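Let me begin by presenting the structure, written as structure tokens, before commenting on it.
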Amino acid sequence: MEAVFHPDYEVPEEAEVKLTGRASDYVRRLWPFFRPHLKLIAAAGAMLVVSTVLGLAGPVLMKRAIDMNIARGDLRGLGFTTLVWILAQLGVVGATYLQNVWLAIAGERGAAGLKQRLFEHALSLPMRFFDTNPVGRLVSRVESDTEALKMLFAGTSVVLLQSALAIIGMSVVMVIASWRLYLLVLVLLPPFVLAFRAFQRRVRPLYHDIRRNVADLNSLVSESLKGLPVIQVFGQEGWFARRMDNLNRVKFGNEMRVMTLWYAVWVLVDFGEVIGIALVLGFGSVWAVKGMLTIGTLFLFVAYVTRLFAPLRQISDQINVMQRAFASAERVFRMMDEEPEPDGGPSAGRLRFQREIALAGLGFSYDGESRVLNNVNLVIRRGEKVALVGETGGGKTTIVSLLLRFYTAQTGTVLVDGRPLAGLNKHDLRSVIGFVPQDVMLFPGTVLDNLRMLDESVPAERVMAAARRVRVHDAIMRFPEGYATNLIERGANFSLGERQLLAFARALVFDPDILILDEATSSIDPQTEQLIQQGLEELLKGRTAIIVAHRLATIRMVDRVVVVHKGRIAEEGTHEELLARAGIYSRLYRLQYVAGNG
Amino acid sequence: MKAQRGSLGLVYSFWRQRPWWIAGLVVGTLAATAISLAFPLVLRLIIDGIRQGVTPAVLVRHVLILAGFGLLRSVSEGVLPWNRGRINELFQWKVRNETFRHILGSGHSFAMRFPTGDVMERLDHDLTELMWFACSGIFRFFAAACTVVFAAAIMLRMNVLLTAVLIPALGFGALAWVRLGPSVVRRFVSWREKISEANNQLEAAFSGIRLVKSYSMESRMAERFRQTLADRIRESVETSRIQARLQVFYMGIAELGILLVLWVGGTLVVKQRLTLGQFVAFNAYALMFIGPMFDLGNLSVQGKRAQAAAGRISELSAHPPEVTPPARPIQPEPGVLRLERVTFGYGGRPVLKDVTMEFAAGRRVGIAGTVGAGKSTVFRLLFRLADPQAGKLTLNGLDVRSFDLAAYRRLFGYAPQEPMLFSDTIRNNIAVGREVEPARLQRAVVAAQLDREVAGFDKGLDELLGERGTRLSGGQKGRVAIARAILEGPPVLVFDDATAALDAETERELVATLVAQQGERTAIVVSHRLAVLSVCDYIYCLDQGEVKEEGSPRELLERRGLYWRLYQRQLLEQELETL
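So the sequence lines, in the order shown, correspond to chains A and B. Going letter by letter, the first sequence gives residues 1 to 598 in the working numbering. Going letter by letter, the second sequence gives residues 1001 to 1579 in the working numbering.
So, in structure tokens, the structure goes:
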């Protein structure tokens, strides 16, 4: 049983959640997810009743065999009892099997429904939500918290029902068999129930401490790995080894405290059983000799007393599980209650972009305090290609994000053909835009899936044509499965440059009117560089483009360069014009291409 | 994930050093087995006593004996597993300490091979898996074997026929688990794979949310997730099914045993070839077999998992250390350090090419260069965190590989670019385990201009830093790192751009003051601000792993080469700041 001591270490949470609702509120909100599987749950419940009740039959039949058959030398009767036993056990086994499987199905489906709903909701949330919630936390919300809720429906409820039924059933049988002996047993129960509760109360903070100890151990490992040069230069390997030893000692102490408590309860329960059996046998055997009860009844009591404590414990354990499930429910519903990103009106089909995009007096701040954009005015005509340049943190990426309607500007508007962005359906808008972010994002799946963004209405031929145009087709075909190749670990089977080209091909597949490109900053070898520039030229043909540009070659391709400096538009013009002006651009240019790089 | 043969060596060496623990556990297990096996025998006495109509006094005596054994059993059922659990934990403690100690001697190649998360995973989950096997797994197997053997012996003495019927039926259970176990594990693994597939999708969707939104692929992502969940439900239900089947199997075996006792035993009682007491005792022994059967079969399954876990932990300790200390170490004296035509690279990619540099006592040497020029690697070699692949590093003309490693490294005071603070007090972050007088620590704090901040904290130097304590600003962190570097007045002080977070003026002043205090000792300064480097009297200009220029700051500026271009670049940056 030693393995029981390892509490499941959770993903670190932001903080302990405070429950805002009552248990019934959580159950009511969860119910719709499990109601579709009500039939299955009910059937499993029925099986549970069958298996629990039939499970109690064993000792009763044994009593019958001892008292009625064996004592009287009735071999035929014994055969009959055995037969009944076989049937009862077949019933128990069959019902247990069905109950387990049906509950697993119902629980899994219910949890999957919850996961699905939560995931869909998460995807609809505004970008702000993703800025403040790290990915790990969101994953754990959709995965671990829903699993905890599954336990509530398919685990806890069952265990509680089963335990209660077992206790009641055994009590009934015992009272009928001998109420005197039952009274003896009954006296034992309250102290044990209290002992279980006391154990729970003391052990819970210890589990919390152990979780913390493990977190401390992990952060020591991670800090040490990061700070290894410092540790080694200062010759402090010994000191760090001692720190590790101390943390291990503290954790060991806590683990042992839990373990000692746990075994104390274990021994106590065992004591309880022994005392119960001794009481039953002590009084019972004397009564049996006097003929007040039979040996079979004695056997029945001995068998039931040993089974009585397990359900009591189970009930007490489940109270903890329930509390944790409610904490999960709280977190899940907080996320569900987040307001989704507005659609911006009903869809009217793919937007028809005709004249221009205008940024009028845009002002924006992520946190409501420091301004990232200040009165940005810019008009981009259809077919025009514009490069945004400037220092990191100047506001280029923010402009791009506002164009894609990831955020809403606090002041000013973005107008597409004179219509404000906020009034356009977001999908209509985004369907005319091809976005290539700075880091190429490839998701798990095949190359084909990645290039057509899971849209199966896009024919494979179109995808291949796009890949050919940006010259990444050959790179894909070098894998035996070609476009059906699975991308491992975010496309680790493709080189950095190839991944960039894949991103271009992806944008090309959807033939967008407007291209928004956040150019990668990482340096690549000149040969790949050239491939990428050719790919980009292909991609830009006949499109309106807004490029956050880092490469000179890219800047040479555009019609107009816009310098974004400290949240405003500082300069505009062609590369040559801006250079001649000897302002910010000329300095940026010199910084990047003249000085420094040897 | 490749499990190496003999990788349970960790477990073996643990026990080899502790023969007395083995003896204790063996004796304890035997005692516990004896106690629990005695229980049904006393039960038999009572039942047969009732049948024979013995006096209440005799019965009560038997019951008291039974209670006595019962209490002993309870205690042994607590004490023995408690001890096993304790040894599990001690094993975990020892192995984690030893592995960590090894990691502390490792270096860059270790970090490249094992990402931090991976190391944590191995030292946490893998070790937990292994530790259970190390003691509990082994000795539960032993206890199970004892129970089975001795119970079988007692039963044979009571009735040969009934035993001959019962044992093979139950033994079948253990064999079946040995065969079924691996398929259960396989199922379990493929179910886990589906779970991680779903989680990978979640992670990809959330981390790529901008792309998901811009391509309006929310509904398609959701659809894909639905398919994965459907697969996952199938796998999960299959796993539950096989588990339920296994449970049915075990319940069936248990019931089969009782059934045999009931029918065969009952008949024997009727025919008076078995007493009713023996009948009840048989029933108790049959029940006693179930758990051990599982433990016996389980060992092989657990053993495989433990072996895989042990392999993963051993891989960490098997990684060779970055540098090897000399067999006969010489004590180093401060003096002239020279890199002589040194070449160094990672995985075939050269980072330093044929670099020669000299750091003499009393000199202030600067290193300038663009990002990725190889500056940090120069330090890595200088501190002997790694050895050059060609050329050599000498101190007073002797190859540094001949010096006592710890003593050699103690020549340096190092303030790194990334301050590398630990979740501990400010005091411990400065002292990092070194014994220092408080006055000396205070002097370092003042010299690093940290005294005013420290005075502002509630607990002063004992203020806790990190996640559960105060978060320092970048500039403050840098100054803690500086206090750490200058604490013992090292013969060679190294500033690797440690004060970059300070404003230019403050940084220059601070570095100038600290460097001046070095006196006849050496100072090495790296800074991306060339104004800071002007406190040096000699500068090496690195570019793409090569020393392109060297000389005094003035000479370098007059040469209008790389250093001058870097200087121009900085002027431009400053101009942009003001525009």
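For each residue, glycine too, the CB sits at the ideal point set by N, CA and C. What you are looking at is a predicted structure, and each value in this text was computed from that prediction instead of being measured.
N-terminal and C-terminal residue of the alpha helix (DSSP H) that B/K1213 is part of | Looking at the DSSP string, the run of the alpha helix (DSSP H) that includes B/K1213 is I1209 to S1214.
Go ahead and label A/N213 buried or exposed: buried means 16 or more other beta carbons lie within 10 angstroms of its beta carbon, across all protein chains shown.
-> Buried, by the Cβ-count rule.
Close Cβ partners of B/V1063 (< 8 Å) along its chain, the five nearest in sequence each way excluded = Here the set comprises I1046.
Can you pull the DSSP bridge partners for B/F1344?
-> Answer is B/L1352, bridged to B/F1344.
Do A/L40 and A/W102 have their C-beta atoms within less than 8 Å of each other?
-> In this structure, A/W102 lies closer than 8 Å to A/L40 by Cβ.
In or out: A/T297 buried (at least 16 other Cβ within 10 Å) or exposed?
-> Around the beta carbon of A/T297, 16 or more other beta carbons lie within 10 angstroms, which makes this residue buried.
Can you give the Cα-Cα distance for B/S1473 and B/L1421, rounded to whole angstroms?
-> For B/S1473 and B/L1421, the distance between alpha carbons rounds to 12 Å.
Find the residues of chain B that neighbour A/D270, judging by a C-beta separation of less than 9 Å, and give them in chain order.
-> Annotation: Cβ neighbours of A/D270 in chain B (cutoff 9 Å, chain order): G1070, L1071, R1073, S1074, V1075, E1077 and G1078.
Whose C-beta lies closer than 6 Å to the C-beta of B/A1501 among residues of the same chain, with five residues either side of it excluded?
-> Cβ neighbours of B/A1501 beyond the five flanking positions: G1474, G1475 and G1478.
Taking Cβ to Cβ, would you say A/Q318 is nearer than 8 Å to A/V159?
-> Less than 8 Å separates the beta-carbon of A/Q318 from that of A/V159.
Quick one: what's got a C-beta closer than 8 Å to B/V1378's C-beta in the same chain, skipping five residues either side?
-> Leaving aside the five residues that flank B/V1378 on each side, the residues in its chain whose CB is nearer than 8 Å to its CB run, in chain order, L1339, L1352, V1355, M1357, I1367 and L1542.
Locate the beta strand (DSSP E) running through B/D1496, then write down its first and last residues.
-> Looking at the DSSP string, the run of the beta strand (DSSP E) that includes B/D1496 is V1492 to D1496.
If we ignore side chains and look at the alpha-carbon of each, how far apart do A/K18 and B/L1166 end up?
-> Put simply, the backbone Cα of A/K18 is about 56 Å away from that of B/L1166.
Quick one: is A/Y483 near chain B, going by C-beta distance under 8 Å?
-> No, because no Cβ of chain B sits closer than 8 Å to the Cβ of A/Y483.
Straight-line Cα distance separating B/S1190 from A/N486 = Here the alpha carbons of B/S1190 and A/N486 stand approximately 18 Å from one another.
For B/D1231, return the contacting residues in chain A, with the cut-off set at a CB-CB distance below 8 Å.
-> Chain-ordered listing is empty here: chain A has no CB closer than 8 Å to the CB of B/D1231, the nearest sitting near 10 Å.
Do the stretch 1148-1168 of chain B and the stretch 1025-1040 of chain B make contact, defined as three or more Cβ pairs closer than 8 Å?
-> Touching, yes.
With distances taken from CA atoms, which of A/A465, A/Q500 and A/G497 is nearest A/Y483?
-> Nearest of A/A465, A/Q500 and A/G497 to A/Y483, Cα basis: A/A465.
Buried or exposed: A/K63, going by 16 or more other Cβ atoms within 10 Å of its Cβ?
-> Flag for A/K63 reads buried.
From the DSSP output, which residues share a beta bridge with B/Y1538?
-> Answer by DSSP bridge pairing, in chain order: B/V1365.
Inspect the CB distances between the stretch 376-392 of chain A and the stretch 544-555 of chain A and report whether three or more fall short of 8 Å.
-> Enough Cβ pairs lie closer than 8 Å, so yes.
Would you call the CB atoms of A/V561 and A/L540 closer than 8 Å?
-> No.
Identify, in the order they occur along the chain, each residue of the same chain with its Cβ nearer than 6 Å to the Cβ of A/G596, setting aside the five sequence neighbours on each side.
-> Unreliable placement is indicated for A/G596, whose pLDDT of 44 sits below 50; the coordinate value is still reported in the next sentence. When the five nearest sequence neighbours on each side are left out, no beta carbon in the same chain lies closer than 6 Å to the beta carbon of A/G596.
List in chain order: all unbroken beta strand (DSSP E) runs of 3+ residues lying wholly within the stretch 528-554 of chain A.
-> The beta strand (DSSP E) runs lying completely inside the stretch 528-554 of chain A and spanning 3 residues or more are 544-548, given in chain order.
Measure from the C-beta of A/L454 to each C-beta in chain B and report whether the shortest distance is under 8 Å.
-> Residue-level contact check: A/L454 touches chain B, since one or more beta carbons of chain B fall below 8 Å from its beta carbon.
Helix, strand or coil at A/V386 according to DSSP, with G and I counted as helix | A/V386 carries a strand assignment under DSSP once its states are collapsed to helix, strand and coil.
Check distances from the C-beta atoms of the stretch 1244-1258 of chain B to those of chain A and list, in chain order, the residues that come in under 8 Å.
-> Contacts with chain A (Cβ-Cβ distance below 8 Å) from the stretch 1244-1258 of chain B involve A1244, R1245, Q1247, V1248, M1251, G1252, E1255 and I1258, listed in chain order.
Hey, out of B/M1293, B/G1078, B/L1066 and B/F1091, whose CA is closest to B/S1013's CA?
-> Closest option to B/S1013, Cα to Cα, is B/F1091.
Since A/Q116 and B/R1226 are thought to touch, with beta carbons under 8 Å apart, how far apart are those beta carbons, to the nearest angstrom?
-> Contact holds; Cβ gap of about 6 Å.
Relative to the ligand GDP, is the shortest distance from any of its heavy atoms to the C-beta of A/R560 smaller than 7 Å?
-> With respect to small molecules bound, the structure shown includes none, and the ligand GDP cannot be examined in it.
For the beta strand (DSSP E) containing B/E1546, list its first residue and its last residue.
-> Residue range E1546 to G1551 is occupied by the beta strand (DSSP E) that includes B/E1546.
Would the stretch 1486-1496 of chain B and the stretch 1427-1446 of chain B be scored as touching if the rule is three or more Cβ pairs under 8 Å?
-> Enough Cβ pairs lie closer than 8 Å, so yes.
Rounded separation between A/G412 and A/N374 - CA only | The straight-line gap from Cα to Cα measures roughly 10 Å.
Is A/V172 closer than 8 Å to B/G1078 when the C-beta atoms are compared?
-> Not a contact, by the Cβ cut-off of 8 Å.
Kindly say whether A/I476, judged by its beta-carbon, lies nearer than 8 Å to any beta-carbon of chain B.
-> At a cut-off of 8 Å between beta carbons, A/I476 makes no contact with chain B.
For B/S1013, does the three-state DSSP call read helix, strand or coil?
-> Look at B/S1013 here: in three-state DSSP terms it is helix.
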